[in-house]
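Chemist: Just passing along the structure, written as structure tokens.
Residue numbers (the working numbering): 75 to 341.
As structure tokens, this is what we get:
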């Protein structure tokens, strides 16, 4: 494990493996290096490190990275910028789920420090019901965190994901639940990254000036597929790819090959 210091003094923990141009992987909700998530599996895929120097990092407030209040999305972009400096000044950037949304914001702000961007299923949704649910839940989530009631905060977030209350109660006994509670403050960060109500940010996406690929699973829900498609249409220099047999929990080997084909072969 190595560390880099972000602009506001926050220590960001990361690992860099492989050879070739830098590729920074941005994880989604709850993801960090010690959690066997899709991003962690992707970072460990041998074929990826044969083509790139793969940077897998703990976003602030997670794992071995620390945190500095107050939070702002710009601070997370500065964390990515600090990693880019370590990687040589310009990188390929890829994110999964809410990590894709953060990667998009970084690409908008950092200009040619990001050579190409790939996003797998950023979780935007134009459904009026979902947008209202996000608007309703955000203050409740912030209130629970302000009271340091992490059990309540995680439960609120799980409700937003559509998990039934009785199943959430059962999840409290899972070995992973304490880890979820440890990361509870970062759930507020995820909501900030997705904007006021989680609507597909087509106007912001249109500001992306670099080549971009939107990827989704052919077996994912219609909202995930629609969001990826809408963003691809909004971004001037973009491609859209639907992966057969994949859903939101994408197979790391499949996504790795897709990233290689885009970043290296331009397919």
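Glycine included, every Cβ here is placed at the ideal spot set by N, Cα and C. Since the model is a prediction, treat every value here as computed from it, not as a measurement.
Can you list, in chain order, the residues of its chain with a C-beta nearer than 7 Å to that of residue 218? Leave out the 5 residues immediately preceding and following it.
Modeler: Contacts found: 226, 227, 230.
Chemist: Counting only runs that start and end within the region 78 to 106, where is the beta strand (DSSP E) found for 3 or more residues in a row?
Modeler: The region 78 to 106 contains, as complete beta strand (DSSP E) runs of 3+ residues, the segments 85 to 92, 96 to 100 (chain order).
Chemist: So for residue 286, helix, strand or coil by DSSP?
Modeler: Residue 286: strand per DSSP, three-state reduction.
Chemist: If distances are taken between C-alpha atoms only, which option among 155, 262, 118 comes closest to residue 165?
Modeler: Nearest option by C-alpha distance: 155.
Chemist: Compare the beta carbon distance of residue 174 and residue 194 with 8 Å and say whether it is the shorter of the two.
Modeler: Cβ distance < 8 Å, so residue 174 and residue 194 count as in contact.
Chemist: Exposed or buried, residue 298, counting other C-beta atoms within 10 Å across all chains shown (16 or more means buried)?
Modeler: buried
Chemist: What three-state label does DSSP hand residue 122 in the structure shown?
Modeler: helix
Chemist: Taking the straight line between their C-alpha atoms, what separation do you get for residue 252 and residue 286?
Modeler: 36 Å
Chemist: According to DSSP, simplified to helix, strand and coil, what is residue 232?
Modeler: helix
Chemist: Going by C-alpha distance, which of 80, 111, 106, 278 is nearest residue 183?
Modeler: 278
Chemist: Could you tell me whether the Cβ atoms of residue 116 and residue 326 are closer together than 8 Å?
Modeler: Going by C-beta atoms, residue 116 is nearer than 8 Å to residue 326.
Chemist: Please list the segments of the alpha helix (DSSP H) lying wholly inside the region 191 to 223, counting only runs of 4 or more residues, in order along the chain.
Modeler: 202 to 220
Chemist: Restricting to Cα atoms, I'd like to know which of 167, 204, 100, 139 is closest to residue 338.
Modeler: 167
Chemist: So, does the CB of residue 281 fall closer than 8 Å to a CB anywhere in chain C?
Modeler: Reference to chain C is not applicable here, since this structure consists of a single protein chain.
Chemist: Express the C-alpha separation of residue 303 and residue 311 in angstroms, rounding to a whole number.
Modeler: Roughly 13 Å separates the two Cα atoms.
Chemist: Measure the Cβ-Cβ separation of residue 111 and residue 101 and say whether it is below 8 Å.
Modeler: yes
Chemist: For the candidate residues 321, 147, 201, whose alpha-carbon lies nearest to that of residue 291?
Modeler: Nearest of 321, 147, 201 to residue 291, Cα basis: 321.
Chemist: Whole angstroms is fine: what's the gap from residue 207's alpha carbon to residue 261's?
Modeler: Cα to Cα, the separation comes out at about 15 Å.
Chemist: What separation, rounded to the nearest whole angstrom, lies between the Cα atoms of residue 268 and residue 150?
Modeler: 13 Å
Chemist: Going by Cα to Cα distance, which pick from 158, 275, 222 is closest to residue 90?
Modeler: 158
Chemist: Quick check for students: name the residue ranges of the alpha helix (DSSP H) that lie wholly in the region 114 to 164, counting only runs of 4 or more.
Modeler: Secondary structure in the region 114 to 164: the alpha helix (DSSP H) runs of 4 residues or longer, each lying completely within the stretch, are 120 to 123, 147 to 161 in chain order.
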